[in-house]
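Protein chains in written order, with this note's numbering: chain A, 193 to 517; chain B, 90 to 406; chain C, 642 to 988.
Note that CB positions come from ideal geometry on N, CA and C, so glycine has one too.
Keep in mind the model is a prediction, meaning the values are calculated, not measured.
Let me begin by presenting the structure, written as structure tokens, before commenting on it.
What follows is the structure, given as structure tokens:
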């Protein structure tokens, strides 16, 4: 088990180093840091002096090492646009994105799993067909169209829910949460549904396919032959075996959920990291772009790691495999 | 696998694919084929509309001379205040929305097709090389693919866009936008092709006909192109269809986010971006019609792709 | 006369497919008495497993019972509503499947699976159910049952898992156990142990057993009576010693001739020419006539009904009254002779 985790961590480090290299290349080669610091009429000598001070004359590998060392301390440089440390900017916006992503993930699981189970057990019923049609739309339609539609119906036409922003937030130490105020809760409904809809349909289709597969297995036939109730078979035996692969996929999707949040954040003017990144792309704010890339890679790698370990915890066969290996 | 004659594996594979297609339940199921037929019909109509836009559209929305700002924000013809000249109304610059949608479709499709073509070429080449040559090259390509999968396509496209903006600061977006979009989509979607092709190449390269070709001294590049490629290209068809829908969505999303095509060359995404700004003031048509067009097209292409995948995959039955 | 535990009367099972209706079972009848082991043999596709599935009420769509009846302890069970049938499964009829590696849910401890079954069927508490589960595991020969009860299926070997499956089948003291190829997936050395165990446990409890297998050796050793199935019908049924030593039906003759014996009394092993017809292409009349060395015109035209003959029930026209000379001739023809050519026998 320990060897397995160590190997996984080593792989993760390789991924992070690679992404770090890309981020560094962006930072160092695409955007010349000097131009961002000095004005256009700064004399050449002074530029060279600043270069030396910033260590830009050192060998590239040394600069890369320095960049990584700083990144490890959350020092990603100064934003060109805001003239503030990137880490401060991201830190301010991270809670909004994480709350949105987690609520969306929760929504997709809580709605997607029962829908998947239902469509697997009641194949061919009218409601199942409706769910399947909905899932096809959810998989096919672009997120931003769904966002516009939901916003138009529930904010513009019906006026039930706010059309943008995060509502009132409460500060819990460094973390600002919108989940503790009525306006914050109302504000998160539409964005999280928008963000979670794609995952929800994905999970629903996955649960359905896995469930149908599991229902054909010998141990389910044997469970029927033992006279267990349909309830025990479907929701005990079949669902537990179904959820093992679902956990993996759902977990892996959490990383892309955070990245995809930028579309939702843009439409609903949600003050998160994605909106910050989008602004950085439009304004060529390289330090923010580089930092966001590394952050997404880091979150993705961590999620991967946790999912792998979780997988081993749920499935006793794997647990045994790791113990002996 | 049933043993196939070493000389004509392609013909045999094609014949069996057709036989499977003919015998498949999907084709037999009337309902499924009805949905698929409608989807295929919608796809063809939209493709035709996009292809013949210059002849169908009443005006050219890309030509500033044909646009009159006095006509801006007119509702569709059948709504009160509509102008019979503009079937679906006009946008904020007075462009005829019907023409803009036809031209926008065209732009979206060209970007999508070019992007997918780059992705497929890149992916198929790298997949062939990785699968056939193996070794370190294989390990390296597949590792890059793994890392790339860490990031959603939209994020990669955004980063490329940012880099291009930084590198070509002085150049107007009108000139770079198209290239940036195509390259971004190409670089985001190659992994799937590479993985598929690599997998089937690994199987194929050990078959007798490849070994025979190698023994009689045909050079490796020729073996890859003439012998391996035709036998591994089959599954790519399905990926191509589904990827086209994805590429169009990606282009629309980027344009919607304001990093795609500029308002002077509007794609469907750009039109939706413009329309979204006017949604609150009641001008719903600017977002509605391009949105419906995009949704219908993507849905139709996906349906056709889904059907194609099921029909060609014997495992699902 | 005592009532049989299981009585199957003229059972018919159809599979409705797009290409037409297939008759998987076509008029199968047999009884099993209390404590008796009935062996059911035949090639794959003969309808052995379908018979077992029909009895326990687990025919899967598109299959369905289209005729006949199944009586358990004199009560008809083939037309019971699903909930009532569910209460019979596991409680009054236990089942053992072929592959012990896939019969147990890999994510549940074996003890939990036994306890769950006991709690479903018997009015006992959890602690009592666990105690019974440990006793059962001991009885089926699991060493250190107190500890192994909390193990997962993958921690058990194939033979041990089949013992667990047997414990599961017996945990509610059923009247009948259906064992569908219980040893096919096991090592030869383990097969005898499992068969012996099934026989001993069922004898102790007076449980009737329906032992489905294609292995005549297992039947000869274990069963009291044997039913030979061919193409969805029972060809012959009778006491196991008689059927093995003196099979009547031409198909049984071929089948018995194909068992190798250690004594080596047989000169050579018999092979029946041809193969069993697919369900979609069952011949008219007697389904075996296309492979039968003794077939005559009637076999093409009519279907033989099972008839009593010297303690067996045989579905073959050779055993109709007045066919003595034909029978005597048949006895001289080896069982693996080529079938009678169509032109000669066709009416």
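Can you tell which of the options has the C-alpha that lies nearest to the C-alpha of residue i?
i                      : options                    : result
residue 428 of chain A : A/443, A/444, A/407, A/328 : A/407
residue 193 of chain B : B/236, B/228, B/357        : B/357
residue 234 of chain B : B/132, B/343, B/276        : B/276
residue 347 of chain B : A/344, A/440, A/469        : A/469
residue 761 of chain C : A/425, A/310, A/342, A/322 : A/425
residue 743 of chain C : C/794, C/754, C/698        : C/794
residue 245 of chain B : A/497, A/235, A/486        : A/486
residue 340 of chain B : B/195, B/393, B/284, B/306 : B/195
residue 952 of chain C : C/866, C/943, C/970, C/958 : C/866
residue 247 of chain B : A/495, A/249, A/475        : A/475
residue 650 of chain C : C/874, C/782, C/950        : C/874
residue 700 of chain C : C/886, C/898, C/720        : C/720
residue 830 of chain C : C/811, C/800, C/814        : C/800
residue 872 of chain C : C/662, C/678, C/684        : C/684
residue 217 of chain A : A/369, A/194, A/257        : A/257
residue 263 of chain A : A/498, A/489, A/501, A/503 : A/489
residue 838 of chain C : C/853, C/863, C/870        : C/863
residue 271 of chain B : B/217, B/178, B/188, B/335 : B/335
Per DSSP, what kind of secondary structure is residue i in: helix, strand or coil?
i                      : result
residue 636 of chain C : The structure shown does not extend to residue 636 of chain C, since chain C is modelled only from 642 through 988, so no value can be given for it.
residue 689 of chain C : helix
residue 210 of chain A : helix
residue 115 of chain B : Note that residue 115 of chain B has pLDDT 46, beneath the 50 cutoff, so the model's placement of it is unreliable and no number is given.
residue 643 of chain C : coil
residue 871 of chain C : strand
residue 975 of chain C : coil
residue 182 of chain B : coil
residue 651 of chain C : strand
residue 936 of chain C : coil
residue 342 of chain B : helix
residue 275 of chain A : coil
residue 716 of chain C : strand
residue 657 of chain C : strand
residue 129 of chain B : helix
residue 270 of chain A : strand
residue 322 of chain B : coil
Taking only beta-carbon atoms, is residue i less than 8 Å away from chain F?
i                      : result
residue 736 of chain C : This model lacks chain F altogether, as its protein chains are A, B and C.
Looking at the unbroken alpha helix (DSSP H) that takes in residue i, where does it start and where does it end?
i                      : result
residue 146 of chain B : Residue 146 of chain B -> no alpha helix (DSSP H), and no H or E assigned at all.
residue 881 of chain C : 881-886
residue 820 of chain C : Taken as a continuous stretch (DSSP letters only), residue 820 of chain C belongs to no alpha helix (DSSP H), being part of the beta strand (DSSP E) at 817-821.
residue 830 of chain C : 829-846
residue 705 of chain C : Residue 705 of chain C -> not in any alpha helix (DSSP H); beta strand (DSSP E) instead, spanning 704-713.
residue 380 of chain A : 374-407
residue 793 of chain C : Careful: residue 793 of chain C lies outside any alpha helix (DSSP H) and carries neither H nor E.
residue 769 of chain C : 767-780
residue 753 of chain C : 751-762
residue 414 of chain A : 410-417
residue 464 of chain A : Residue 464 of chain A -> no alpha helix (DSSP H), and no H or E assigned at all.
residue 895 of chain C : 891-898
Considering residue i, what are the terminal residues of the beta strand (DSSP E) in which it resides?
i                      : result
residue 663 of chain C : 661-673
residue 734 of chain C : 734-737
residue 955 of chain C : 953-955
residue 948 of chain C : 948-950
residue 678 of chain C : 678-682
Thinking residue i and residue j are a contact (beta carbons under 8 Å), I'd like their distance in whole angstroms, please.
i                      : j                      : result
residue 252 of chain A : residue 268 of chain A : Not confirmed; about 19 Å, so no contact.
residue 388 of chain A : residue 271 of chain A : Between residue 271 of chain A and residue 388 of chain A the Cβ distance is about 30 Å, and since that is not below 8 Å, they are no contact.
residue 480 of chain A : residue 290 of chain A : Between residue 290 of chain A and residue 480 of chain A the Cβ distance is about 17 Å, and since that is not below 8 Å, they are no contact.
residue 876 of chain C : residue 890 of chain C : 5 Å
residue 184 of chain B : residue 143 of chain B : Not confirmed; about 15 Å, so no contact.
residue 266 of chain B : residue 351 of chain B : 6 Å
Length at least 4, wholly inside the region 310-369 of chain A: the alpha helix (DSSP H) runs in chain order: 318-332, 335-342
Alpha helix (DSSP H) segments (min. 4 residues) lying fully within the region 229-287 of chain B: 242-256
4-residue-minimum alpha helix (DSSP H) runs that sit fully inside the region 414-452 of chain A, ordered along the chain: none
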